[in-house]
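Peer 1:
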Amino acid sequence: MNINGVRAAKVVSDDQAVVEVDSFRTATPHEIVPSSINLMKVDGEWKVCSPE
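Note that our numbering has the sequence shown beginning at 218, numbered continuously upward.
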């Protein structure tokens, strides 16, 4: 997945957030798809994680 742009970011709790982005695959860059990326704060840094 490649990121074309950030649509929104929302902090859900002190250690969880969701970022909504426009994404595309390298093979089909003209097909933009809205996607969500879940983040979790670990040791003070935001990391990509699976949704809980």
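Don't be surprised by glycine CBs; every beta carbon is placed ideally from N, CA and C. Small disclaimer: the values here were computed from a predicted structure and weren't measured.
(1) Closer than 8 Å by C-beta to Val235: which residues in its own chain qualify, once you throw out the five before and the five after it? Chain order, please.
(2) Less than 8 Å between C-beta atoms, sequence neighbours within five positions excluded: which residues of the same chain meet that for Glu248?
(3) Could you compute how far the alpha carbon of Asn221 sits from the alpha carbon of Val265?
(4) Can you tell which of Pro251, Gly261, Thr245, Val259 has its C-alpha closest to the C-alpha of Glu237?
Peer 2: Looking at the coordinates:
(1) Along the sequence shown, one-based indexing puts residue 235 at 18. The residues are Ala226, Lys227, Val229, Ser253, Ile254, Asn255, Leu256.
(2) In the sequence shown, counting from the first residue as 1, residue 248 sits at position 31. Closer than 8 Å at Cβ, skipping near neighbours: Phe241, Arg242.
(3) The residue labelled residue 221 in the question sits at position 4 within the sequence shown. The residue labelled residue 265 in the question sits at position 48 within the sequence shown. Cα to Cα, Asn221 sits roughly 17 Å from Val265.
(4) Within the sequence shown, the letter at position 20 stands for residue 237. Minimum Cα distance to Glu237 is reached at Pro251.
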